[in-house]
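Q:
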Amino acid sequence: MNSDAFNLRLVSDFNIETLGRYLDHDAAWPRITSAAAPFGQIFPSLLETGIGESDQDFCFIWSSLEGAVPSSRKMLDFDLVDREALFAEVSYFAECVKKCHTRFKATFVASWTVPSFYRGLGILDFQSATGLRRLTLEMNLALVKALEGSAGIYVLDASRWLEITGNPWSPKLWYLSKTPYRSEVFGKAAQELKVAIGTLLGSARKLVVIDLDDTLWGGIIGEVGWENIVLGGHDHRGEAFVDFQRALKSLRNRGILLAIASKNQEEVALQAFQKRPEMLLRLEDFAGWRINWNDKAANIAALASELNLGLQSIVFIDDNPVERARVREALPEVLVPEWPEDRTSYASTLLQLNCFDLPQITDEDRARTQMYIRAREREKGKAEYQSVEAWLHSLETTVTVEELNESNLPRVVQLLNKTNQMNLSTRRMTGNELSEWLKQERRRLWAFRVRDKFSDSGLTGIVSLQADAESCRIVDFLLSCRVMGRDVERVMVAVAIQCCRSLGCAELIAKYLETAKNKPCRDFWMKSGFAYNETESSFSWTAARPYPTPSHIQVIEPGRDQSERELLRSPEGNVSAALL
Amino acid sequence: MTLRTSNHLDGAFDAIYAAIAELNLQLPRNKQIQRRPDIVLFGENGQLDSLALANFIVITEQKLEESFGIQVDLTQDDPFSGQSGHFRTVESLARYASSLAENKTGE
Numbered sequence: 001m002n003s004d005a006f007n008l009r010l011v012s013d014f015n016i017e018t019l020g021r022y023l024d025h026d027a028a029w030p031r032i033t034s035a036a037a038p039f040g041q042i043f044p045s046l047l048e049t050g051i052g053e054s055d056q057d058f059c060f061i062w063s064s065l066e067g068a069v070p071s072s073r074k075m076l077d078f079d080l081v082d083r084e085a086l087f088a089e090v091s092y093f094a095e096c097v098k099k100c101h102t103r104f105k106a107t108f109v110a111s112w113t114v115p116s117f118y119r120g121l122g123i124l125d126f127q128s129a130t131g132l133r134r135l136t137l138e139m140n141l142a143l144v145k146a147l148e149g150s151a152g153i154y155v156l157d158a159s160r161w162l163e164i165t166g167n168p169w170s171p172k173l174w175y176l177s178k179t180p181y182r183s184e185v186f187g188k189a190a191q192e193l194k195v196a197i198g199t200l201l202g203s204a205r206k207l208v209v210i211d212l213d214d215t216l217w218g219g220i221i222g223e224v225g226w227e228n229i230v231l232g233g234h235d236h237r238g239e240a241f242v243d244f245q246r247a248l249k250s251l252r253n254r255g256i257l258l259a260i261a262s263k264n265q266e267e268v269a270l271q272a273f274q275k276r277p278e279m280l281l282r283l284e285d286f287a288g289w290r291i292n293w294n295d296k297a298a299n300i301a302a303l304a305s306e307l308n309l310g311l312q313s314i315v316f317i318d319d320n321p322v323e324r325a326r327v328r329e330a331l332p333e334v335l336v337p338e339w340p341e342d343r344t345s346y347a348s349t350l351l352q353l354n355c356f357d358l359p360q361i362t363d364e365d366r367a368r369t370q371m372y373i374r375a376r377e378r379e380k381g382k383a384e385y386q387s388v389e390a391w392l393h394s395l396e397t398t399v400t401v402e403e404l405n406e407s408n409l410p411r412v413v414q415l416l417n418k419t420n421q422m423n424l425s426t427r428r429m430t431g432n433e434l435s436e437w438l439k440q441e442r443r444r445l446w447a448f449r450v451r452d453k454f455s456d457s458g459l460t461g462i463v464s465l466q467a468d469a470e471s472c473r474i475v476d477f478l479l480s481c482r483v484m485g486r487d488v489e490r491v492m493v494a495v496a497i498q499c500c501r502s503l504g505c506a507e508l509i510a511k512y513l514e515t516a517k518n519k520p521c522r523d524f525w526m527k528s529g530f531a532y533n534e535t536e537s538s539f540s541w542t543a544a545r546p547y548p549t550p551s552h553i554q555v556i557e558p559g560r561d562q563s564e565r566e567l568l569r570s571p572e573g574n575v576s577a578a579l580l
Numbered sequence: 581m582t583l584r585t586s587n588h589l590d591g592a593f594d595a596i597y598a599a600i601a602e603l604n605l606q607l608p609r610n611k612q613i614q615r616r617p618d619i620v621l622f623g624e625n626g627q628l629d630s631l632a633l634a635n636f637i638v639i640t641e642q643k644l645e646e647s648f649g650i651q652v653d654l655t656q657d658d659p660f661s662g663q664s665g666h667f668r669t670v671e672s673l674a675r676y677a678s679s680l681a682e683n684k685t686g687e
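For the protein sequence lines, the chains are A and W, in the order given.
The working numbering applies: residue 1 is where the first sequence begins, and numbers increase by one.
The working numbering applies: residue 581 is where the second sequence begins, and numbers increase by one.
(1) Can you tell which of A:Val-97, A:Thr-549 and A:Asp-57 has the C-alpha that lies nearest to the C-alpha of Glu-489 of chain A?
(2) For chain W, check one thing: does any of its Cβ atoms lie closer than 9 Å to the Cβ of Phe-241 of chain A?
(3) So, do the stretch 267-280 of chain A and the stretch 334-348 of chain A have three or more beta carbon pairs nearer to each other than 8 Å?
(4) Pairing CB atoms from the stretch 515-524 of chain A with CB atoms from the stretch 407-418 of chain A, are three or more of them under 8 Å?
(5) Measuring only between beta-carbons, confirm whether Ile-637 of chain W sits less than 9 Å from chain A.
(6) Could you compute how far the alpha carbon of Ile-556 of chain A sits from the alpha carbon of Met-484 of chain A?
(7) Which chain A residues sit within Cβ distance under 7 Å of Gln-606 of chain W?
(8) Any beta carbon from chain W within less than 9 Å of Leu-358 of chain A's own beta carbon?
(9) To the nearest angstrom, how far is it from the Cα of Glu-89 of chain A to the Cα of Val-475 of chain A?
(10) Output the distance between the C-alpha atoms of Arg-644 of chain A and Phe-316 of chain A, rounded to the nearest integer angstrom.
(11) May I have the straight-line CA-CA distance separating Ser-12 of chain A from Ser-63 of chain A, to the nearest angstrom?
(12) Spatial neighbours of Ile-373 of chain A within its chain, please: C-beta separation below 6 Å, excluding the five flanking residues on both sides.
(13) Is the distance from the Cβ of Ala-287 of chain A to the Cβ of Leu-257 of chain A below 9 Å?
(14) List the residues that DSSP assigns as beta-bridge partners of Phe-539 of chain A.
(15) What beta strand (DSSP E) runs, 3 residues minimum, are completely inside the stretch 398-467 of chain A?
(16) Give the range of the beta strand (DSSP E) segment to which Ser-262 of chain A is assigned.
(17) Can you name, in chain order, every residue of its own chain whose Cβ lies under 7 Å from the Cβ of Glu-53 of chain A, other than the five neighbours on each side?
(18) Output the distance between the C-alpha atoms of Glu-66 of chain A and Asn-625 of chain W, rounded to the nearest integer angstrom.
(19) According to the Cβ coordinates, are Ala-129 of chain A and Leu-135 of chain A closer than 9 Å?
(20) Which residue from A:Trp-217, A:Ala-259 and A:Glu-223 puts its Cα closest to that of Asp-243 of chain A?
(21) Roughly how many angstroms separate the alpha carbons of Ser-551 of chain A and Arg-252 of chain A, rounded to a whole number?
(22) Report the neighbours of Thr-179 of chain A on chain W: residues whose CB is nearer than 8 Å to its CB, in chain order.
(23) Taking its Cβ as the centre, do 16 or more other Cβ atoms sit within 10 Å of Gly-492 of chain A, making it buried, or is it exposed?
(24) Does Tyr-118 of chain A come out as helix, strand or coil in the three-state DSSP assignment?
(25) Just checking my contact of Arg-411 of chain A with Ser-313 of chain A at CB under 8 Å: how many whole Å lie between their CB atoms?
(26) Are the stretch 23-41 of chain A and the stretch 187-199 of chain A touching by the rule of at least three beta carbon pairs closer than 8 Å?
(27) For Ser-91 of chain A, I'd like the list of residues in its chain whose CB is within less than 7 Å of its CB, leaving aside the five on either flank, ordered along the chain.
(28) Are the C-beta of Phe-117 of chain A and some C-beta of chain W separated by less than 9 Å?
(29) Measuring straight from C-alpha to C-alpha, what distance separates Arg-246 of chain A and Arg-133 of chain A?
(30) Given that Lys-172 of chain A touches chain W, what residues does it touch there, using C-beta distances under 7 Å?
(31) Tell me which same chain residues have a C-beta within less than 8 Å of the C-beta of Leu-173 of chain A, skipping the five on either side of it?
(32) Would you say Gln-651 of chain W reaches chain A, if we count a Cβ-Cβ gap shorter than 9 Å as a contact?
(33) Report, in whole angstroms, the separation of the C-beta atoms of Phe-6 of chain A and Phe-58 of chain A, which I expect to be a contact under 8 Å.
(34) With DSSP as the reference, identify every bridge partner of Cys-100 of chain A, one or two as the case may be.
(35) Secondary structure at Ala-110 of chain A, three-state DSSP: helix, strand or coil?
(36) Note down, in chain order, every chain W residue with its Cβ under 7 Å from the Cβ of Gly-219 of chain A.
See the structure below:
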């Protein structure tokens, strides 16, 4: 077993070993080590206790319709079906899934499918209340609804895996090995499971950097002029470019940032955005751009720096294979998908990319582009001030501190699992695990919301602590790159120190766990004023000493009126114990 | 569609090698099957267990259909019994598959 691999338990009523083989022998990240429960024993496998509690990370349940819902056998045989009994069995299956899930970080459940060789009731299959496909749809919906709200359980669409081949079911394989599907189906399912697990581990890409000429529109704008680029109109290529822009806009609406890297004269290229009404994408849809004659790899690196994103967050799309090869070679962390020569395939190629999947979509995600645009305005304003301090004061920043609750849990978990740069320990956890962790005595967690006069950045910071008799240790200290460098970090430290004091501890310790990406966090702590222990790679502060919070940030705890809020700040600018 | 005997055998080898490439995706790197006529597939010292053999049969039938344009049933005998020996080596399987294809195409 590979120690770096994640453990996945496979539960099925059929022989699912082929899926396990695909998963086990795929060296790409995330590495998976699978263990299949005995097939044909789906309910005992779901309800078993004591197995896998310590060494299993994830569970995948893939059952046939009749394996999970025995009454559905009647449906397949056109026998009289008691709908009430059928849906009661769906509910029971869902309850078993929930029970099973308590042993895992996350559980994936494949939706049910009906083999295509079952014609069902033909033209009546959706019309009749006992039609095969109608009942299957209804049962899937009932399953989804029964599992809705169960954090960490995800229903996956198995029908997409079957589309990989024209004939996914193999009766021969069934009779030979109790395996219902051809190998390709399991290969596709394995890919999708790895994407699902990667999604939970925070692998989602956050930024698409896009070329312009022959990518966002047809033609070279510098040569043909904005009037003659191919876009929209009664032209199949023009329509395809508009659809590609629509697909990009749909990503933006999900919270994926867009940026431009194009070899062009900027004022010439921007004319397309200003003068062509067919442009679905407007400049305000882009978080940034580099339109010049510089090396595209250098431009992408500059965009990453401007937007405070790691290169591993970026996807680069360009029609030119030379530019793609250059970026792949210079910036291997950037994902550069092969791009079709056929422009009519641009939109479908983009929509097929599986690197943007998120475990949940929060309000912060939806508003991300606007936040970056406001950040750009904020940075522009920086130059007008004599000093950084004067600029920080001008931002009128407010930090709201709150405890973990049901409404902020999804965002806290998202931040915990995707923040790389300002992250002390890079601890990744599911919502269930975090809630369980917090139930222990002398553990605390605070979430921080940040807004300024330009925008509301939302919930962007987390600090958690664990205290023993003498000292208090910072377990998590992380802040979104969106608000880094604006002294929010110092407010978080002050809150941690006050909490440490209220817990009766003499010392606060922050142990830095180095990763390939969290050097900015180390840089902050080196300047934090804490004593540095190089051997331990840790930082410490005597709790009795007040920690100076920045005077340009107002700290708020919800539920307190203005006079109480004022109490939160001591004359020296310290966060008050009232907060705690 | 009819092919001469040697073409049937060549086509069968091609189909089997294509099936091996596909099957190798399921196998660990150190257990991947080489594309050589003398490779022992199933039975004593064979490289395939029963599940891998089942998958291999279905993939090979699909590749043969793509090659010859006809459906070939490689499981007319029990493939797991080992009595027929068709699945013993890559070569024995190629000869068996090409003979089935020849019969189907009337040669």
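Ideal placement from N, C-alpha and C gives every residue a C-beta, glycine not left out.
A: Reading off the structure:
(1) Residue numbering aside, residue 489 of chain A sits at position 489 when the first sequence is read from its first letter. Here the closest residue by C-alpha is A:Thr-549.
(2) Numbered from its first residue, the first sequence carries residue 241 of chain A at position 241. Chain W contact via Cβ: absent.
(3) no
(4) Fewer than three beta-carbon pairs drawn from the stretch 515-524 of chain A and the stretch 407-418 of chain A are found closer than 8 Å, and the two stretches are therefore not classed as touching.
(5) Locating residue 637 of chain W in the second sequence gives position 57, where the first residue counts as 1. So yes, Ile-637 of chain W belongs to the interface.
(6) Translated into the one-based positions of the first sequence, residue 556 of chain A becomes position 556. Translated into the one-based positions of the first sequence, residue 484 of chain A becomes position 484. One Cα belongs to Ile-556 of chain A, the other to Met-484 of chain A, and the distance between them is close to 19 Å.
(7) Translated into the one-based positions of the second sequence, residue 606 of chain W becomes position 26. Listed along chain A are Thr-18, Arg-21, Tyr-22, His-25 and Ser-183, each with a C-beta nearer than 7 Å to that of Gln-606 of chain W.
(8) In the first sequence, counting from the first residue as 1, residue 358 of chain A sits at position 358. Not closer than 9 Å to any Cβ of chain W, the Cβ of Leu-358 of chain A fails to qualify, so no.
(9) In the first sequence, the residue the question calls residue 89 of chain A occupies position 89. In the first sequence, the residue the question calls residue 475 of chain A occupies position 475. Taking the straight line joining both Cα atoms gives about 43 Å.
(10) There is simply no residue 644 of chain A to check, as chain A begins at 1 and stops at 580 in what is shown.
(11) Counted from its first residue, the first sequence places residue 12 of chain A at position 12. Counted from its first residue, the first sequence places residue 63 of chain A at position 63. The alpha-carbon atoms of Ser-12 of chain A and Ser-63 of chain A are separated by roughly 5 Å.
(12) In the first sequence, the residue the question calls residue 373 of chain A occupies position 373. There are no such residues.
(13) Residue 287 of chain A sits at position 287 when you count from the first residue of the first sequence. Residue 257 of chain A sits at position 257 when you count from the first residue of the first sequence. Result yes, Cβ atoms of Ala-287 of chain A and Leu-257 of chain A sit closer than 9 Å.
(14) Locating residue 539 of chain A in the first sequence gives position 539, where the first residue counts as 1. Residue pairing for Phe-539 of chain A: DSSP places it in a beta bridge opposite A:Ala-510 and A:Tyr-532.
(15) 443-451 and 456-467
(16) Locating residue 262 of chain A in the first sequence gives position 262, counting from the first residue. It spans 257-263 - the beta strand (DSSP E) in which Ser-262 of chain A sits, taken as one unbroken run.
(17) Counting from one through the first sequence, the residue named residue 53 of chain A turns up at place 53. With a pLDDT of 49 at Glu-53 of chain A, under the threshold of 50, the predicted position of this residue should be treated as unreliable, and no value is reported.
(18) The count along the first sequence starts at 1 and reaches residue 66 of chain A at position 66. The count along the second sequence starts at 1 and reaches residue 625 of chain W at position 45. Computed Cα separation, rounded: 39 Å.
(19) Here residue 129 of chain A refers to the residue found at position 129 of the first sequence. Here residue 135 of chain A refers to the residue found at position 135 of the first sequence. The answer is yes: Cβ separation under 9 Å.
(20) Here residue 243 of chain A corresponds to residue number 243 of the first sequence, with the count starting at 1. Nearest of A:Trp-217, A:Ala-259 and A:Glu-223 to Asp-243 of chain A, Cα basis: A:Trp-217.
(21) Position 551 of the first sequence, counting from 1, holds the residue named residue 551 of chain A. Position 252 of the first sequence, counting from 1, holds the residue named residue 252 of chain A. Approximately 36 Å, taken between the alpha carbons.
(22) Sequence index remark: in the first sequence, residue 179 of chain A carries index 179 (1-based). Simply Leu-631, Ala-634 and Asn-635.
(23) Looking up residue 492 of chain A in the first sequence gives position 492. Checking the sequence, you will find Met at residue 492 of chain A rather than Gly. Met-492 of chain A comes out buried.
(24) Your numbering for residue 118 of chain A matches position 118 in the first sequence. Here Tyr-118 of chain A sits in coil by DSSP.
(25) The residue you call residue 411 of chain A lines up with position 411 of the first sequence. The residue you call residue 313 of chain A lines up with position 313 of the first sequence. Wrong, their Cβ atoms sit about 18 Å apart, outside the cutoff.
(26) yes
(27) Mapped onto the first sequence, residue 91 of chain A falls at position 91. Here the set comprises Ala-146.
(28) To locate residue 117 of chain A, count along the first sequence from 1; it is residue 117. For Phe-117 of chain A, the answer is no, since every Cβ of chain W falls outside 9 Å of its Cβ.
(29) Walking along the first sequence from the start, residue 246 of chain A turns up at place 246. Walking along the first sequence from the start, residue 133 of chain A turns up at place 133. Going from the Cα of Arg-246 of chain A to the Cα of Arg-133 of chain A covers about 32 Å.
(30) Locating residue 172 of chain A in the first sequence gives position 172, where the first residue counts as 1. Val-638 and Thr-655, listed in chain order.
(31) Residue numbering aside, residue 173 of chain A sits at position 173 when the first sequence is read from its first letter. For Leu-173 of chain A, where only same-chain residues beyond five positions count, the Cβ hits under 8 Å are Thr-179, Pro-180, Tyr-181 and Arg-182.
(32) Reading the second sequence from its first residue, position 71 is the one you call residue 651 of chain W. No, no contact with chain A.
(33) Reading the first sequence from its first residue, position 6 is the one you call residue 6 of chain A. Reading the first sequence from its first residue, position 58 is the one you call residue 58 of chain A. Indeed they touch by this definition, with Cβ atoms about 6 Å apart.
(34) Position 100 of the first sequence holds residue 100 of chain A. Cys-100 of chain A is not bridged to any residue.
(35) Within the first sequence, numbered from 1, the residue matching residue 110 of chain A stands at position 110. In this structure, Ala-110 of chain A counts as strand in the three-state DSSP scheme.
(36) Reading the first sequence from its first residue, position 219 is the one you call residue 219 of chain A. Neighbours of Gly-219 of chain A across chain W, judged by C-beta separation under 7 Å, do not exist; the nearest C-beta is about 41 Å away.
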